[in-house]
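Numbering (our numbering), first residue to last: 5 to 325.
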Ligand SMILES: Cc1cc2nc3c(=O)[nH]c(=O)nc-3n(C[C@H](O)[C@H](O)[C@H](O)COP(=O)(O)OP(=O)(O)OC[C@H]3O[C@@H](n4cnc5c(N)ncnc54)[C@H](O)[C@@H]3O)c2cc1C
Ligand code: FES
């Protein structure tokens with residue numbers, strides 16, 4: 005069994021460990037805002053060097069050092085609680101410019117929903133934000149995995165750019181399937197897939213995701229409201245269609261992230277094909293470090309696990325979703 009390092013994925017859930025948590029201030033070095041999404045990149049070598057795919061960071065909304073800070077004495081509970089976000093990517097920086105292979109920054113990708121995400125989305129570069137991480141336990145790579153299928157429902161794609169990079173670096177063939185209700189709900193702009201996934205000689209989707217295609221990950225997109233060139237249906241239907249084209253599934257592992265109902269269907273599908281499946285869960289969190297017991301996840305063996313410290317990534321077969 006190979007030894008996991010911070011640059012490789014562990015081979016089993018037991019090899020995952022909670023690294024020392026950095027808690028401090030990180031400056032925003034890049035910001036992209038498009039449609040209802042925002043990507044923020046923070047300069048933070050402490051987190052960038054240690055994070056593993058599937059781990060998350062807590063961003064605090066107290067506006068430390070910013071003109072837009074909330075008045076501390078009037079902070080409502082909803083503002084005091086940090087907001088958890090998956091580490092989407094590790095970004096090498098040199099003098100603030102992305103160019104060296106030294107991991108100094110990390111990015112998060114989020115949907116602008118409520119108080120916290122609206123506040124974060126109006127911050128600009130150079131603004132310091134209080135952050136802690138890396139938190140939780142991430143994905144692992146079971147021995148003998150030859151193909152990894154990443155199945156994302158909407159913003160569930162957030163942890164996958166980081167995971168896909170690591171899988172590719174470890175020589176695993178990686179496929180990304182992304183689903184959304186409509187085209188404008190896609191968290192990435194679609195591009196023509198270079199090597200589309202085929203069924204009966206025809207592409208399942210002519211469209212893929214640039215961020216993945218550019219690192220050699222074949223991708224396909226499902227839209228629930230049909231559009232020309234896209235797979236028509238849910239992402240789990242797309243996954244089922246892909247499964248039906250496979251003669252050999254030995255050594256295939258499935259990684260899922262998205263709404264709970266989607267993960268439930270994905271788990272059932274993976275089980276019916278005898279495939280190993282890991283899912284990353286989004287439970288409402290308080291502390292994010294195992295203290296408040298606010299993020300219980302029911303498991304089949306009875307009782308609960310904590311999403312923040314036992315997960316957010318779990319072996320799907322253990323969960324009572
Ligand atoms: C481990 C983990 C990783 C996540 N990664 C991402 C990511 O990469 N991108 C992304 O867009 N979202 C992610 N989420 C969900 C994200 O944390 C919420 O969208 C965000 O906290 C909403 O904050 P808000 O103040 O805008 O919403 P509000 O509704 O105003 O939030 C009120 C409270 O509810 C909590 N909350 C609201 N929605 C969620 C939710 N879906 N999950 C958990 N807590 C929620 C907030 O943290 C806050 O404490 C993740 C959640 C978890 C648990
Ligand atoms: S969020 Fe506090 S224990 Fe998990």
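Quick reminder that beta carbons are idealized off the backbone N, C-alpha and C, glycines included.
Note that the coordinates shown come from a computational prediction; the quantities given were computed from them, not determined experimentally.
- Put simply, the backbone Cα of residue 164 is about 7 Å away from that of residue 92.
- Residue environment for residue 131: buried (at least 16 other C-beta atoms within 10 angstroms of its C-beta).
- Taking a C-beta distance under 8 Å as the contact criterion, residue 114 and residue 58 do not qualify as a contact pair.
- DSSP places residue 95 in no alpha helix (DSSP H) but in the uninterrupted beta strand (DSSP E) bounded by 93-96.
- A straight line joining the alpha-carbon of residue 289 with that of residue 204 spans about 45 Å.
- Residue pairing for residue 30: DSSP places it in a beta bridge opposite 133.
- Counting C-beta atoms within 10 angstroms of its own C-beta, residue 62 has 16 or more neighbours from the protein chains shown and is therefore classed as buried.
- In this structure, residue 154 lies away from residue 190, with their beta-carbon atoms at least 8 Å apart.
- When secondary structure is reduced to three states using DSSP, residue 193 falls in the coil class, being assigned neither helix nor strand.
- Between the segment 166-181 and the segment 218-235, the count of Cβ pairs shorter than 8 Å is three or higher; the stretches touch.
- Taking the Cβ of residue 292 as the reference point, at least one heavy atom of ligand 2 falls within a distance shorter than 7 Å.
- Here the distance from the Cβ of residue 278 to the nearest heavy atom of ligand 2 is not below 7 Å.
- With a threshold of 16 other beta carbon atoms within 10 Å, residue 38 falls short and is exposed.
- When 280, 238, 284, 16 are compared, the shortest CA-CA separation from residue 264 is found for 284.
- By the CB criterion at 8 Å, residue 201 and residue 226 fall outside the cutoff.
- The beta carbons of residue 135 and residue 192 sit no closer together than 8 Å.
- The shortest CA-to-CA distance from residue 323 to any of 185, 313, 198, 268 is the one to 268.
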